[in-house]
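**Q** Sequence lines, in order, name chains A and B.
Residue numbers for the first sequence, in our numbering: 1 to 343.
Residue numbers for the second sequence, in our numbering: 1001 to 1343.
C-beta atoms are modelled at their ideal positions from N, C-alpha and C, and glycine is treated no differently.
Number of protein chains: 2
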Amino acid sequence: MSARREPATIQMVADRAQVSPKTVSRVINSEPGVRDETRARILDAIRQLDYQPNLNARGLAGARSFLIGLFYDKPGDYLNEFQTGAVQRCRESDLHLMVQPLDIASKEMARDVGMLVRQLRLEGAILLPPLSDHPVVRAALAEAAVPTVHIAPVREPVDSPSVDTDDRAAARQMTVQLLEHGHRRIGFMLGPPGHRATEQRYLGFADAMHARALSIDPELVQTGNFEFPDGLECARRILGARSRPTAIFASNDDMAAAAACLARQMGIELPGELSIAGFDDAPVASMIWPQLATVRQPVREIARIAADLIIQHRPHRRGWPQPIPRPRLDLELIMRGSVGPAP
Amino acid sequence: MSARREPATIQMVADRAQVSPKTVSRVINSEPGVRDETRARILDAIRQLDYQPNLNARGLAGARSFLIGLFYDKPGDYLNEFQTGAVQRCRESDLHLMVQPLDIASKEMARDVGMLVRQLRLEGAILLPPLSDHPVVRAALAEAAVPTVHIAPVREPVDSPSVDTDDRAAARQMTVQLLEHGHRRIGFMLGPPGHRATEQRYLGFADAMHARALSIDPELVQTGNFEFPDGLECARRILGARSRPTAIFASNDDMAAAAACLARQMGIELPGELSIAGFDDAPVASMIWPQLATVRQPVREIARIAADLIIQHRPHRRGWPQPIPRPRLDLELIMRGSVGPAP
DNA sequence: AGAACAAATGTCAGCGCTGTCAACTGGCGC
DNA sequence: GCGCCAGTTGACAGCGCTGACATTTGTTCT
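1) Candidates S1093(B), N1056(B), G1062(B): which alpha carbon is nearest V117(A)'s?
2) Per DSSP, what kind of secondary structure is Q1297(B) in: helix, strand or coil?
3) List the residues of chain B whose Cβ lies closer than 9 Å to the Cβ of D254(A), in chain order.
4) How would you list, in chain order, the residues of chain B whose beta-carbon sits under 9 Å from the beta-carbon of V87(A)?
5) Considering only the beta carbon of each residue, do L102(A) and Q83(A) sit closer than 9 Å?
6) Leaving aside the five residues before and after G224(A) along the sequence, list all residues of the same chain whose C-beta is less than 6 Å from its C-beta, in chain order.
7) Are at least three pairs of beta-carbons, each pair with one atom in the segment 288–306 of chain A and one in the segment 335–343 of chain A, less than 8 Å apart?
8) Three-state secondary structure (DSSP) at V28(A)?
9) By the DSSP assignment, the alpha helix (DSSP H) with G1231(B) in it spans what residues?
10) For the segment 1067–1102 of chain B, which segments carrying the beta strand (DSSP E) assignment without a break, of at least 3 residues, lie completely within its bounds, in sequence order?
11) Using a Cβ cut-off of 7 Å, which residues of the segment 1030–1047 of chain B contact any Cβ in chain A, in chain order?
12) Note down, in chain order, each residue of its chain lying with its Cβ closer than 8 Å to the Cβ of E1063(B), except the 5 sequence neighbours on either side.
13) Any C-beta of chain B sitting closer than 9 Å to the C-beta of F228(A)?
14) Taking C-beta pairs closer than 9 Å, name the residues in chain B that A257(A) reaches, listed in chain order.
15) Run through DSSP, which three-state label would M1335(B) get?
16) Which residues of chain B have a Cβ atom closer than 9 Å to the Cβ of S65(A), listed in chain order?
17) Do R185(A) and R91(A) count as a contact pair if the criterion is CB distance below 9 Å?
18) With 7 Å as the C-beta to C-beta threshold (strictly closer), list the residues of the segment 104–118 of chain A near chain B in chain order.
19) Which of the three DSSP states, helix, strand or coil, is assigned to F205(A)?
20) Helix, strand or coil: how does DSSP classify M287(A) here?
21) Give the straight-line distance between the Cα atoms of A1282(B) and R1041(B), rounded to the nearest whole angstrom.
22) Taking C-beta pairs closer than 7 Å, name the residues in chain A that G1378(B) reaches, listed in chain order.
23) Within a Cβ cutoff of 8 Å, which residues of the same chain sit near R1168(B), ignoring the five residues on either side of it in sequence?
24) Hey, out of L1333(B), L1329(B), A1014(B), D1015(B), whose CA is closest to Q1177(B)'s CA?
25) Which of helix, strand or coil does DSSP assign to Q1173(B)?
26) Out of E227(A), F228(A), L262(A), D164(A), point me to the one whose CA is closest to I238(A)'s CA.
27) Could you name the residues of chain B that G340(A) contacts, counting a contact when the two beta carbons are closer than 8 Å?
28) Check each residue of the segment 68–95 of chain A: if its Cβ is closer than 7 Å to any Cβ of chain B, include it; give the result in chain order.
29) Among the residues of its own chain, which have a CB less than 8 Å from the CB of L131(A), if the five just before and after it don't count?
30) With a threshold of 9 Å between beta-carbons, can L1120(B) be considered close to chain A, or not?
31) Does the distance from the C-beta atom of R1038(B) to that of V1019(B) stay below 9 Å?
32) Below 7 Å on C-beta distance, what does P7(A) contact in chain B?
Listed below in structure tokens is the structure:
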């Protein structure tokens, strides 16, 4: 084990490359106006000294932070995927990702956000749903003038980009699948209010039903909060309806799993007597039998795009270029064993 | 919307409180030697100006970073829980958590780690298994003299604390439960090598079997990598054994779920013909029917303790106080429907 | 009251880097 | 040969804060 060297400084690199620190700085920041030969010499020195610029110093001098914040309400598989994608994208641009859970129920959110943002001088923020629609968070971020990207917001923010997916189309397609399997009475599990996914997925379902002139029995539409326990409760109500549906389309996989679970307890055979479809392609979707037909979101891709929007934006620092980008990604239907012909 | 103020500086606070910046600094850092009356005046000024110290400046001047790194290999529910706990603890001490996925298969890990550590000047690092045993990561961290806490390492690092759980005892207890339900032929699904959990859980299982003078049929012991698909493969081998076991104890819930899934496909009734036990109390454990008997890890608690170890250690900066702390937490058995009397 | 000391506060330089702007270099046209 | 300009490079201050040390203030004891 070698004795621990102190980290190299820009001055040391400059000395070794026979240039001024400023020129080294230019190279580090990929600024133009450095002769190739000089650049090469400097890069060499950097390599030899194994130099890493000190982020604190860079940030202080340049009024930057190299930090992007990722705010989320509840952890879960979605977060994992998203985080992975976002970190990857950040690393490609020499940025770092700061994760921050924010209890949507807490009254101290504004304080928390403001604190983080101003202490860390975040260069951008990404809001995961349902935070993307939280007025307090939005306001705190706006006040601090932090460029923000909203993921799947219900109301598109006028002055910030958002990224979302065509949940409506996917839900419509999935419903069409159910219809083509002969299902006519179809139960639906809504997500909690305040999520774009909740409204879009239902709309897609309704689109498909109405296109076939089928009516939706309100008794078969139940609201859960995207979690297993309420999925159970929804399923109880749907399967306890006067006339039991032959299929259930749940707004997410956890609730779909709950439907499958309850059906099993009730001795209902899957998919013989009941078909079930979910949404999100969560791990649980392929961990139960029969596996859940579901819709896959390109979460990592969404994350990369979100991070990218912030990174691309950075140079301007204030106000997004016209027009504000709002990429919308397509989803992928995944048909699996939980959907079969209607009995 | 008010015009966006520039963030307050320590100088502004000092002026308003009629003291020198240094005294304000003392208050911010909770240093002793400030009269109560002065402190109050300063705190007042801070509040009025809504002042937040600039982390970059603090870090640069004080040779700190206020950052702790959390390194992990694969995301998952464990990570979510851990991250939540760790962030909470960090916030309590004015620190921040930097998450960093590290592909255990990648050859650039040393570079990645070194880069992060030196750019960010991390004040500490937490290694999640199986990274806690990765020699390259350990070396990179050691070279940079970053205080590190290892979570559930197979080999305890001589000079760093570790946090783990008594998996062996818990596995023994779970096995005893199976035995008391009358099971004698019990299959076991090992985790991948390189995890403490893998060895400890098996040892606990073996402890209990041997205590009853029962032998373990090697054909019923299969290795997976903690993921559902191999769980399926393991289950296929175990359930395809010449003499099928009446119970399976899987080293984690994903694999246990796979056993349940396969059993169902094979028409084996749970828990009537086969009992299944898992480990970790992952979400999936309560999302399938019958729900999995499992072992709950206090993941958040572990995370808090790990962060705490780093935070407590910080003042010394080099070398841990004697002796190196190695807290070990107890686990909680959760018996659920997947375990029943042997047929 | 004055000395002697502890407590409280201040002064000042500098952490490692970048923004601003000045200075230098070489090539070109006339 | 001179002026001029674009292309390069450097000098220098200062980002906001804290460490080391100096100074002032308050307290206690004789």
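**A** According to the data block:
1) As a working mapping, residue 117(A) is identified with position 117 in the first sequence. The shortest Cα separation from V117(A) among S1093(B), N1056(B), G1062(B) belongs to N1056(B).
2) The residue given as residue 1297(B) occupies position 297 in the second sequence. Reduced to three states, the DSSP call for Q1297(B) is coil.
3) Within the first sequence, numbered from 1, the residue matching residue 254(A) stands at position 254. Within 9 Å Cβ-Cβ: P1283, M1287.
4) Along the first sequence, one-based indexing puts residue 87(A) at 87. Simply V1099, Q1100, P1101.
5) Along the first sequence, one-based indexing puts residue 102(A) at 102. Along the first sequence, one-based indexing puts residue 83(A) at 83. Not in contact: L102(A) and Q83(A) (Cβ atoms no closer than 9 Å).
6) Taking the first residue of the first sequence as 1, we reach residue 224(A) at position 224. These residues qualify, in order along the chain: M189, D230, G231, C234, M255.
7) yes
8) Indexing the first sequence from 1 puts residue 28(A) at position 28. As written in the sequence, residue 28(A) is Ile, which differs from the Val given in the question. Helix, per DSSP.
9) What you label residue 1231(B) is simply residue 231 of the second sequence in a count that begins at 1. G1231(B) -> alpha helix (DSSP H) spans 1228–1239.
10) 1067–1072, 1096–1101
11) none
12) In the second sequence, the residue the question calls residue 1063(B) occupies position 63. A quick correction: the sequence has Ala, not Glu, at residue 1063(B). If we look at A1063(B) and ignore the five residues flanking it on each side, its Cβ neighbours are R1121.
13) Indexing the first sequence from 1 puts residue 228(A) at position 228. Yes, F228(A) counts as interfacial toward chain B.
14) The residue you call residue 257(A) lines up with position 257 of the first sequence. Residues of chain B passing the Cβ test: V1284, M1287, I1288.
15) Your numbering for residue 1335(B) matches position 335 in the second sequence. Coil at M1335(B), not helix or strand.
16) Locating residue 65(A) in the first sequence gives position 65, where the first residue counts as 1. The answer, in chain order, is L1055, N1056.
17) Mapped onto the first sequence, residue 91(A) falls at position 91. Mapped onto the first sequence, residue 185(A) falls at position 185. Cβ distance not < 9 Å, so R91(A) and R185(A) don't count as in contact.
18) M115, R118
19) Translated into positions along the first sequence, residue 205(A) becomes position 205. Helix at F205(A).
20) As a working note, residue 287(A) is residue 287 in the first sequence. It is coil, neither helix nor strand.
21) Position 282 of the second sequence, counted from the start, is the residue given in the question as residue 1282(B). Position 41 of the second sequence, counted from the start, is the residue given in the question as residue 1041(B). Roughly 50 Å separates the two Cα atoms.
22) Outside the displayed span of chain B (1001 to 1343) sits residue 1378(B), for which this structure offers no information.
23) The residue labelled residue 1168(B) in the question sits at position 168 within the second sequence. Excluding residues within five positions, the ones whose Cβ falls inside 8 Å are Q1200, R1201, L1203, G1204, D1207.
24) Position 177 of the second sequence, counted from the start, is the residue given in the question as residue 1177(B). Closest option to Q1177(B), Cα to Cα, is L1333(B).
25) Residue mapping note: residue 1173(B) aligns to position 173 of the second sequence, counting from 1. Of the three classes helix, strand and coil, the one that applies to Q1173(B) here is helix, per DSSP.
26) The residue you call residue 238(A) lines up with position 238 of the first sequence. Comparing Cα-Cα distances from I238(A) to each of E227(A), F228(A), L262(A), D164(A), the minimum goes to L262(A).
27) For the purposes of this step, residue 340(A) is identified with residue 340 of the first sequence, where counting begins at 1. Going along chain B, no residue has its Cβ under 8 Å from G340(A), so there is no contact; the nearest lies around 15 Å.
28) P75, G76, L79, N80, Q83, T84, V87
29) Sequence index remark: in the first sequence, residue 131(A) carries index 131 (1-based). Excluding residues within five positions, the ones whose Cβ falls inside 8 Å are F71, Y72, D73, L102, I104, V137.
30) Stepping through the second sequence from its first residue, residue 1120(B) is reached at position 120. Yes, L1120(B) lies at the interface with chain A (some Cβ there is under 9 Å from its Cβ).
31) Numbered from 1 along the second sequence, position 38 holds the residue referred to as residue 1038(B). Numbered from 1 along the second sequence, position 19 holds the residue referred to as residue 1019(B). First, the residue type needs correcting, since residue 1038(B) is Thr and not Arg in the sequence shown. A contact, by the Cβ cut-off of 9 Å.
32) Counting from 1 along the first sequence, the entry for residue 7(A) is found at position 7. The answer, in chain order, is R1118.
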